[in-house]
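By full-length UniProt numbering, the letter at position 207 of the sequence shown is numbered 207, and the numbering carries on one by one without gaps. Each residue gets a CB set at the ideal place from its N, CA and C atoms; glycine is no exception. First up is the structure itself, then whatever we jot down about it.
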Amino acid sequence: MVPSPGWSWSDVDVAVPGPAGRLPGVAMAGFRQRIAGSVDIAMVAHPAITVLFDLTGDIVCDARGRRRRGSFVAGLLPGEVRTGGRRGECLQVRLTPVVAAAVLGASAELTGTVASLDEVWGRDAERVEERLRAAKTWDARFAIAAEAIGRRLESRPVDAEVAQAWRRTLAARGAVRVDGLAGEVGWSRQRLWSRFRAQLGVTPKRAAGLVRFDHAAHLLAAGHTAASVAARSGYADQSHLHREVKAITGTTPTAVATAPWLAIDEVAWPAPSRGRVSG
1 MVPSPGWSWS DVDVAVPGPA GRLPGVAMAG FRQRIAGSVD IAMVAHPAIT VLFDLTGDIV
61 CDARGRRRRG SFVAGLLPGE VRTGGRRGEC LQVRLTPVVA AAVLGASAEL TGTVASLDEV
121 WGRDAERVEE RLRAAKTWDA RFAIAAEAIG RRLESRPVDA EVAQAWRRTL AARGAVRVDG
181 LAGEVGWSRQ RLWSRFRAQL GVTPKRAAGL VRFDHAAHLL AAGHTAASVA ARSGYADQSH
241 LHREVKAITG TTPTAVATAP WLAIDEVAWP APSRGRVSG
């Protein structure tokens, strides 16, 4: 669960788009490794669909023992996902499930899986990759990605009620009840449960658990004790936090607190993109 010996995030350049280049429900960051050497990073579960564009042809993804090279898409709760390479340069895009359903048309099908980009994006994937690799600056790459995403954004919109329920879950950091969400959107509990799962790939309760975990993980990474994190994140007690973290990551709160991927989150993914983004 750690990078290769002698490697640290200080060996990586990180680029993020300016405010003008951002789309609602979309967060982007570019990563460039400064020095040669093998990197092996375990990604932490996040309440978003992750699209990783491999810009050097050197990225290897290992999910549940299945290795694949090149650009990939990781759905919600895909289990342990490790990425690595020797001179990696990549553009990582996080799409909220609502946006992913519209852009990829595959939010539900992606839950618990990792797929190659062309499997999900379709025939246009290769052309987008070529344009990204040919671009000379990160700003140009962000613009290309935003354009490609924007063209597909309205093709498969989800129900307005489902989108509203997701936004409320994010805003409340997972501290919501399904009955309350259903009442807010004017649906029955059964209808919200069914439509939410069909369009976003998880039940409202599971989505709330993942959003709550994300909040807790960042508190752990910031140095807060497990007991205080449990209290601040809405868990019944420290044991409840431990069980939930184990179920989502397969590891402990202590291990999550030192996860390398979280060490750079404040730089690559400012707080608004983690819990208060629209979409």
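Per-residue DSSP class, three states only, for residue i
i	result
T96	coil
D13	strand
S239	helix
V2	Summary for V2: the model assigns pLDDT 34, below 50, so the residue's position carries little reliability; its value from the coordinates is reported in the next sentence. The answer is coil: DSSP assigns V2 none of H, G, I, E or B.
D54	strand
A231	helix
A268	helix
A42	strand
P260	helix
R274	The predicted position of R274 is uncertain, since its pLDDT is 43 and thus under 50; a value taken from the coordinates is nonetheless stated next. R274 falls in the helix class under three-state DSSP.
E249	Residue identity check: residue 249 is Thr in the sequence provided, not Glu. Helix.
A175	coil
T111	coil
T254	helix
Under 7 Å between C-beta atoms of residue i and residue j
i	j	result
L117	V73	yes
A182	R189	yes
L95	V26	yes
W187	T203	no
T169	A217	no
A230	A257	no
G234	A171	no
F196	V162	yes
L77	G112	yes
G70	D54	yes
P19	M28	no
K205	V185	no
I144	A100	no
P47	L241	no
Limits of the unbroken beta strand (DSSP E) element including residue i
i	result
G30	26-33
A115	114-116
V73	72-74
The alpha helix (DSSP H) enclosing residue i, as first and last residue numbers
i	result
D179	178-185
A221	204-221
S188	No alpha helix (DSSP H) contains S188, which DSSP labels as neither H nor E.
R168	160-171
residue 281	The requested residue 281 is not part of the displayed model; the chain covers only 1 to 279.
L132	125-134
Cross-strand partners of residue i (DSSP beta bridge)
i	result
L23	Paired residue(s): none; L23 is not in a bridge.
E89	R32
I49	L95
Cβ-heavy atom distance, residue i to the ligand GDP, below 6 Å
i	result
P97	Although the ligand GDP was asked about, the structure shown includes no ligands whatsoever.
Expected contact under 8 Å - CB spacing of residue i and residue j to nearest Å
i	j	result
R156	A115	Actually they are not in contact, since the Cβ atoms of R156 and A115 sit about 17 Å apart, beyond 8 Å.
A259	A15	No, A259 and A15 are not in contact; Cβ-Cβ is about 22 Å, not under 8 Å.
T254	A45	With 8 Å as the limit, T254 and A45 do not qualify as a contact, their Cβ atoms being about 16 Å apart.
residue 332	R34	Absent from the model: residue 332. The displayed extent of the chain is 1 to 279, so no value can be given.
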